Structures are given as structure tokens and as C-alpha cells.
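Colleague: Here it is: the structure, laid out below.
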Amino acid sequence: MLNYFIISIVPLAILAIILIGIKEKKDVFKLFVEGVLDGLKVVYNIFPFILAITIAIELLKNTNLLNTLLIPIKPLLELLGIPANIVPLCILRPLSGGASMSVVMDIFNECGPDSLSGKIASIVMGATETTLYSITVLFGAVKVKNLRGTLVAGLIADFVAISSAIFLVNIGII
């Protein structure tokens, strides 16, 4: 019964919108088409931002630049209890959910989901946001130029989440 109700929610909502539009003597189809056109305008406006971020992320992943940059700082990472394979995830997570998910899958395949790296990666994925991607797409869609403190606040939140994940897993709470 509950399953039937859940499946029926969207069609019932659409039916309710159509009935309300007819009751208020609105041209529902015309309003629908105008809404679709507005949506396409938003897609048209944000596409360059999405394309630029996607190309940058693929370049970082495919050139193996992140792993090369880790070589000189590996001793410091070991001293701080940070697995080296977590660093690419921490760099890519604010940029892209898809790229960071592929890094997590690599960590799971290499180390296992219950390993130190696997636990940290799981927490990082759940506790952080694709901050730069979201800000680029959302602010670009509405043409906001001044980010004010949004970028700083988002990156600080990501840093705190990543630091907390590393700390909590290293002391054995998680």
C-alpha cells in the first residue's frame, strides 16, 4: 500500500497542477513550454562553467599530476597520520563529485573499504560538498559576480570535515 502511494505521488502532483491551472483559467501547456524554455536558458548559461571544470578535472586525473605532486610531501603526510592516497580525494572533492567518487573506488579497490584510507574516504565523501562546482554552476546561472564569503565558508567547512575525518579515524572512534 505504501509503495503504491509513493509511486503515485509524482503523477498526482502533476494532475493537481493541471487541475489548479484549469480552475484558474490558465493556459497550462503554454506555461509548461515557457518553463521548459527558461530551463534551457539556464542550461545554456551554465554549460561553459561545467565544461571548463570537467576538462580541468580530467586533465588532473589523466596526467597523474596529483600523484607526482605528492612525492615530496609523503614523509609529512605519514607524520600527520594522513594516508597519501587520500590527498587526491581531498583536492578533487570540492571540484567534482564524479572525479572524487572514482578516487574513492580506487581507494576501495586498492586498500578495501574497512581500511584506514577507506574509512576516511567514506567520511570525506559524506561530510564534504563539491563546493567549487556548486558555486560555479549556481552563481554562474544567476550571474552573481561577488561571491562574498561563500567560497571561503565552503572551503573552510570542507577542510574541517576532512580534518575531522582523518582525526576521528586515526584515534579509532570510527
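Heads up: take any position in the sequence shown, counting from 1, add 922, and you land on the numbering used here. Just so it is clear, CB atoms sit at the ideal spot from N, CA and C, and this is done for glycine as well. Values in this document were obtained by computation on a predicted structure and should not be read as measured data.
Please classify Thr1052: does DSSP put it in a helix, a strand, or coil?
Modeller: If DSSP states are grouped into helix, strand and coil, Thr1052 belongs with coil.
Colleague: Helix, strand or coil: how does DSSP classify Lys1065 here?
Modeller: DSSP places Lys1065 in coil when its eight states are reduced to three.
Colleague: Is DSSP giving Ile985 helix, strand or coil here?
Modeller: For clarity, residue 985 is Thr in the given sequence; the question names Ile instead. Here Thr985 sits in coil by DSSP.
Colleague: What residues in its chain sit with their C-beta under 6 Å from that of Ile1004, if we drop five residues either side in the sequence?
Modeller: Closer than 6 Å at the Cβ level, and outside the excluded window around Ile1004, lie Ile1088.
Colleague: Considering only the beta carbon of each residue, do Asn989 and Pro1010 sit closer than 8 Å?
Modeller: Yes; because the gap between Cβ atoms is below 8 Å, this pair is in contact.
Colleague: What is the residue span of the alpha helix (DSSP H) that Asp1080 lies within?
Modeller: Counting along the chain, the alpha helix (DSSP H) containing Asp1080 begins and ends at Thr1072 to Asn1092.
Colleague: DSSP three-state call for Met923: helix, strand or coil?
Modeller: If DSSP states are grouped into helix, strand and coil, Met923 belongs with coil.
Colleague: Can you tell which of Pro994, Ser1044, Arg1015 and Ala1063 has the C-alpha that lies nearest to the C-alpha of Leu962?
Modeller: Looking at the Cα atoms, Ala1063 is the closest of the given residues.
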